Amino acid sequence: MKKHHLLIINLIFFGLITFSAGVVYQFMTGNKPLEIVSSLFHRKKTPPTITTNQCNVKAPLNLDTAQDPHLRKLRTYQNACHSYVTDTMMLFTDMPTSADSALKAADQIATTLKEYQQAGVRPLVIAEPNGQWGNIDFETFASGAYDQWIDAYFKEIKAKGVTDSQMGIWNPFPEANLPYWNNNKPEFFAPSVTRYLTTLRATFPGAKTSVLLNSATYQVDDFDWRNGDYVSLVQYVKGIPAGLVDYAGLQGFPWIAPQGDDTNIFNGAEFVNASLLSEMADSLKTKNVWFNTGTFASKYTLDPGKRVDITPERRKDILLTIDEEALKLKKKNYNVAINMFAQDKSADAEATDWSYWKNDKPFESIATPVLTEFISQLPSQGIDFWLFDQ
């Protein structure tokens with residue numbers, strides 16, 4: 004008999020013995036041998052054990068019965084921090100473009116404002132320049148074409164029992180120097196903001212107000228984020244009456260080019276420059292300033308060929324540069340707040356994940372301590388922390 008025949012016979016014999024032994028083992032124990040072998044090669048990774056320290060000496064807000072998605076998110080942040088986190092949360096609304104839309108929108112926002120007040124949270128309402136007709140033309144708004152609907156909107160909110168203090172902070176026409184709104188000419192920004200906020204104050208004289216501009220200014224039709232210019236923002240706010248705006252806001256985010264290009268903007272001194280904000284605040288005659296910012300875990304998430312991920316350590320470094328800009332303002336006696344934009348938008352057109360954990364499970368993410376440590380240092384610095392997530 005040839006050697007290779009003998010080898011084949013032996014392999015078959017060994018296989019039969021192994022199979023028989025496996026059948027007997029499974030019959031006696033109820034365990035499947037193949038599953039045991041497979042588990043040896045495919046062991047599940049043990050999730051990291053994440054611990055965080057208390058962020059604040061204040062007790063957390065009672066949000067157990069919250070229905071609003073932003074407030075439910077805040078409850079998760081409080082769990083991550085083992086404490087109070089913030090009493091100011093950003094939310095978005097649009098602008099009425101008819102009598103009917105004014106009443107419907109007012110009824111909806113009134114319900115939300117009352118829930119925030121009950122939860123002990125001040126709303127930071129960002130009123131974007133869009134409505135049922137699409138984006139609002141700033142020049143048309145500045146001419147007074149929308150005054151009747153804006154007036155009806157605020158009067159209906161008042162009729163629903165909302166008080167001045169429940170209104171929180173209102174910020175119309177955010178980041179108007181970005182190309183989103185197809186109309187970022189500075190000469191129409193100040194009169195549009197003035198009309199909106201004057202109408203608001205006519206019904207709610209005690210409501211707080213704000214403006215928010217992007218740190219980099221772009222041409223109307225330029226969507227290449229590398230082409231922004233860090234120029235003075237006074238050209239946008241010049242002409243707004245003194246006392247009409249309580250808060251000056253500056254928006255800026257870190258950025259990185261798609262995979263294959265190492266170009267990035269990771270220094271807060273560039274994307275949330277304190278001097279740009281203080282100059283704008285001085286023009287508005289206010290000492291209350293805030294940043295709208297964040298750090299991303301991933302960008303270009305809808306295109307594997309472009310996707311870029313950064314480490315929690317890199318995100319921590321970016322946050323430190325943001326804090327440095329806030330401290331510059333604090334040293335000049337401004338009242339400073341940092342609003343953290345922390346929503347996961349990886350599945351949206353923005354294709355960016357700004358979150359620090361997934362599925363409301365902060366203790367399963369190694370990025371969680373990066374955020375909680377950042378939050379915990381702010382009270383001793385006299386800097387307020389605000390939040391957007393939903």
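Mapping of the sequence shown onto our numbering: position 29 corresponds to residue 32, and the numbering continues sequentially without gaps. No residue lacks a Cβ here, since even glycine has one placed at the ideal position from N, Cα and C. Since this is a predicted model, take the numbers as computed values, not measurements.
Beta bridge counterpart(s) of Y250 as assigned by DSSP: On the sequence shown, residue 250 is found 247 positions in, with the first residue counted as 1. Looking at the DSSP assignment, Y250 forms a beta bridge with S213 and N291.
Coarse secondary structure for N59, derived from DSSP in three states: One-based indexing of the sequence shown puts residue 59 at position 56. In this structure, N59 counts as coil in the three-state DSSP scheme.
Span of the beta strand (DSSP E), counted from its first residue to its last, around V128: Stepping through the sequence shown from its first residue, residue 128 is reached at position 125. Segment R125 to A130, the beta strand (DSSP E) holding V128.
Whole-number beta carbon distance between D363 and T166, since they are thought to touch under 8 Å: For the purposes of this step, residue 166 is taken as residue 163 along the sequence shown, with counting starting at 1. For the purposes of this step, residue 363 is taken as residue 360 along the sequence shown, with counting starting at 1. Actually they do not touch by this definition, with Cβ atoms about 32 Å apart.
Distance between A130 and P177 (C-alpha atoms, nearest Å): For the purposes of this step, residue 177 is taken as the residue at position 174 of the sequence shown. For the purposes of this step, residue 130 is taken as the residue at position 127 of the sequence shown. Near 7 Å, if we compare the C-alpha coordinates of A130 and P177.
Length of the line joining the Cα atoms of S146 and G242: Residue 146 sits at position 143 when you count from the first residue of the sequence shown. Residue 242 sits at position 239 when you count from the first residue of the sequence shown. Going from the Cα of S146 to the Cα of G242 covers about 15 Å.
Residues bridged to M92 (per DSSP): In the sequence shown, counting from the first residue as 1, residue 92 sits at position 89. Paired residue(s): P126 and L390.
Spatially closest choice to P244 from P257, A284 and F207, by CA coordinates: On the sequence shown, residue 244 is found 241 positions in, with the first residue counted as 1. Checked all of P257, A284 and F207; the closest Cα to P244 is A284.
Per DSSP, cross-strand counterpart(s) of M343: What you label residue 343 is simply residue 340 of the sequence shown in a count that begins at 1. Bridge partners of M343: T296 and L390.
Alpha-carbon spacing of R318 relative to P51, whole angstroms: Here residue 318 is taken as the residue at index 315 of the sequence shown, counted from 1. Here residue 51 is taken as the residue at index 48 of the sequence shown, counted from 1. Distance between the alpha carbons of R318 and P51 is about 19 Å.
Residue-chain proximity (I313, chain B), Cβ-Cβ < 9 Å: Absence of chain B from the displayed structure is noted, only one protein chain being present.
Simplified DSSP assignment, three categories, for P307: Locating residue 307 in the sequence shown gives position 304, where the first residue counts as 1. In the structure shown, P307 sits in coil (DSSP, three-state: anything other than H, G, I, E or B).
Member of Y156, S86, A69 and T91 whose CA lies at the smallest distance from the CA of M343: Sequence index remark: in the sequence shown, residue 343 carries index 340 (1-based). Residue T91 is the option with its Cα nearest to M343.
Proximity below 9 Å, CB of R125 to CB of G171: Against the sequence shown, residue 125 aligns to sequence position 122. Against the sequence shown, residue 171 aligns to sequence position 168. Closer than 9 Å, so yes.
Contact between the segment 348–364 and the segment 98–116 (3+ Cβ pairs under 8 Å): no
Which of helix, strand or coil DSSP assigns to D110: Walking along the sequence shown from the start, residue 110 turns up at place 107. Reduced to three states, the DSSP call for D110 is helix.
Backbone CA spacing between P189 and L236 [nearest angstrom]: In the sequence shown, the residue the question calls residue 189 occupies position 186. In the sequence shown, the residue the question calls residue 236 occupies position 233. Looking at the two C-alpha atoms, the distance is approximately 9 Å.
Candidates N180, V128 and F269: closest to S213 by CA position: On the sequence shown, position 210 is the one that residue 213 refers to. Closest option to S213, Cα to Cα, is V128.
Pairwise C-alpha distance: E328 and N217: Here residue 217 refers to the residue found at position 214 when the sequence shown is read from its first residue. Here residue 328 refers to the residue found at position 325 when the sequence shown is read from its first residue. The straight-line gap from Cα to Cα measures roughly 15 Å.
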